[in-house]
Structures are given as structure tokens and as C-alpha cells.
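Only one structure is covered here, and it is reproduced in the block below.
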Amino acid sequence: MWYRAPTLAVAAVAAVLLLGCNRPSWNTPEAAYVSLARAAQKGEHELAWGALSQASRKELEQRSKSLAAASGGALQDDPRALVFGSAPPAQPIEEIKVVRQEDRLAVLAVTAGGASREVRMVEEEGGWKLDVSEALKD
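Take any residue in the sequence shown, note its place counting from 1, add 252, and you have its number in the numbering used here.
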């Protein structure tokens, strides 16, 4: 039973974060992910955009420029809309676990809508940020 304590502790912290104070927090990878998810759900796209790593924002800006150019003007160069504009509503987070954390990098297992996936978080100036830059590279 001792091995369940960390999982229960993380679940409790996530529940407190989700139900408690609604102010964004970037102090831990888990809190930062919850803050980003909450901002995206509320349509606070500027806040959610700022919760992405610098490398992720750079990749998304480049992709947005390429899509706008390739569309012949049918699409605007708007990386925020590319990320948040057409996404379906996010499922509520059921559980967040730290899979591993080393220095300024953390990998979280996030369960939402019955599905679990791993996400990469990096610590940058201003706190922890979601890093999807590797997934965006061709």
C-alpha cells in the first residue's frame, strides 16, 4: 500500500489545484499544465499561449506562416488560432503523475477522458511550460 501514497498525493494536489484557487501557477510542472488546460478551456488564449515553451511557440509561428503562405491568403498567419481556435473542448483532467523529472525537464502522465498520454514540460524564465516543439518538427 505504501506505493499508492505518491499517486494519491499527486491526485490530491491535482484536485486541490482544479477545485481551489483559480489563479494560474507555473511553480511546478503539474500546476503549470493544469493552469494551461484551464486557460485553454476558458478561452484565455493569450495566457495559454504564454504557457507554451519558447521552442513550441517558435515552431508554431513558423508553421502558421507556412500555412498562411501556402493557402494563398485563405488562412491568416495566426499561431494562436492554429493551436486553440479549432481544438475541441478539452476533457477534464482526471489525474496527473510525474513520470520523471530532471533539472529543468519533466515528463507528466496526464489522464483525461479516460485516456492517458505523456507530455513534456520544461522550466524556463517565468516557470514551467508545455513543450510540444519536438512533436511539431517535420
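For each residue, glycine too, the CB sits at the ideal point set by N, CA and C. Owing to the predicted nature of the structure, the values given are computational and were not obtained by experimental measurement.
Please state the DSSP three-state secondary structure of ARG369. What you label residue 369 is simply residue 117 of the sequence shown in a count that begins at 1. In the three-state DSSP reduction, ARG369 falls in the strand class (E or B).
Rounded to the nearest angstrom, what separates GLU346 and PRO281 at their Cα positions? Within the sequence shown, residue 346 is the residue found at index 94, counting from 1. Within the sequence shown, residue 281 is the residue found at index 29, counting from 1. In a straight line, the C-alpha of GLU346 is about 16 Å away from that of PRO281.
When you compare the CB positions of LEU327 and ALA320, do they come within less than 9 Å of one another, or not? Against the sequence shown, residue 327 aligns to sequence position 75. Against the sequence shown, residue 320 aligns to sequence position 68. In this structure, ALA320 lies closer than 9 Å to LEU327 by Cβ.
What does the alpha-carbon distance come out to for the pair VAL362 and GLN314? Along the sequence shown, read from residue 1 onward, the residue named residue 362 stands at position 110. Along the sequence shown, read from residue 1 onward, the residue named residue 314 stands at position 62. Cα-Cα distance, rounded: 27 Å.
Per the DSSP calculation, LEU388 is bridged to which residue(s)? Position 136 of the sequence shown, counted from the start, is the residue given in the question as residue 388. In the DSSP output, where bridge partners are listed per residue, LEU388 has none listed.
Please name the residue or residues paired with TRP380 in a DSSP beta bridge. For the purposes of this step, residue 380 is identified with residue 128 of the sequence shown, where counting begins at 1. Answer is GLU375.
Pull up the DSSP beta-bridge partners for LYS294, would you. Locating residue 294 in the sequence shown gives position 42, where the first residue counts as 1. None; LYS294 has no bridge partner.
Quick check: LYS381 and TRP278, are their CB atoms within less than 9 Å of each other? Locating residue 381 in the sequence shown gives position 129, where the first residue counts as 1. Locating residue 278 in the sequence shown gives position 26, where the first residue counts as 1. In this structure, the beta-carbon distance from LYS381 to TRP278 falls below 9 Å.
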